[in-house]
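S.K.:
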Amino acid sequence: DDSSITSPVVRRAVSQTIKVINAIIREMGTSPVYINIELARELSHDKKERDKIKKAQDDNAARNERAMNQLREYVDGMPSGQDLVKYKLWEEQQGRCMYSDEPIQLERLTEPGYVDVDHIVPYSICFDDRMANKVLVLARENRQKGNRLPLQYLSGQRRDEYIVRVRNMHISSAKKNRLLKES
């Protein structure tokens, strides 16, 4: 159902893609194992740049597979995509809540109401759903933070300790900048 797609251009592209995939299935007599779609913007890159992008994608897929295998030890059944995001953030933050610095128990990572993936800059403000705008926090910390930036939420010694912790983390500068954004 493409009723949630509001752009007519995107709706047409999705519709055409579905038609092509259905034609491939009819031709092959079965569903393909995978489909590789290259966008026109990727064709503007030279081979070296495309190879670099492909390597980064392959590395990310391998990291995701390793993380999923580790998650299976703690989750009954197949871990969800959200479980994978939580695990990757848990690793990035060395198993600690970003705001309180309390340890987050890996065994409880998928337990409902225990931890949340929080948007550093609230999604309602920036509509940024990338990993660079996400942290793992205890659910109670997320409720208290609400629709504010971390530095608007934290105060006193907790705020000072948070700033030092963020500055010493091995994360992208884009994520650091978001975590230390004042307003």
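Residue numbers for the sequence shown follow our numbering, beginning at -7 and rising by one.
Using N, Cα and C, we set each Cβ at its ideal position, and we do this for glycine too.
Small disclaimer: the values here were computed from a predicted structure and weren't measured.
Within the chosen definition, does the stretch 105 to 112 reach the stretch 120 to 131 through at least 3 CB pairs nearer than 8 Å?
M.R.: With a cut-off of 8 Å, the stretch 120 to 131 and the stretch 105 to 112 count as touching, because enough Cβ pairs lie within range.
S.K.: Based on Cα-Cα distance, which residue from E174, R100, V127 and L101 lies nearest to I112?
M.R.: Stepping through the sequence shown from its first residue, residue 112 is reached at position 120. Closest option to I112, Cα to Cα, is V127.
S.K.: For the beta strand (DSSP E) holding L130, just list the boundary residues, first then last.
M.R.: Working through the sequence shown from its first residue, we reach residue 130 at position 138. Unbroken beta strand (DSSP E) run through L130: K126 to L130.
S.K.: Can you name, in chain order, every residue of its own chain whose Cβ lies under 6 Å from the Cβ of Y154, other than the five neighbours on each side?
M.R.: Taking the sequence shown and counting its residues from 1, the one referred to as residue 154 is at position 162. L146, listed in sequence order.
S.K.: Whole angstroms is fine: what's the gap from N125's alpha carbon to S72's?
M.R.: Sequence index remark: in the sequence shown, residue 125 carries index 133 (1-based). Sequence index remark: in the sequence shown, residue 72 carries index 80 (1-based). Their Cα atoms are separated by approximately 20 Å.
S.K.: Considering V180, what are the terminal residues of the alpha helix (DSSP H) in which it resides?
M.R.: The first residue shown for the chain is -7 and the last is 175, placing residue 180 beyond what the model contains.
S.K.: With DSSP collapsed to three states, give me the class of R122.
M.R.: Taking the first residue of the sequence shown as 1, we reach residue 122 at position 130. Coil, per DSSP.
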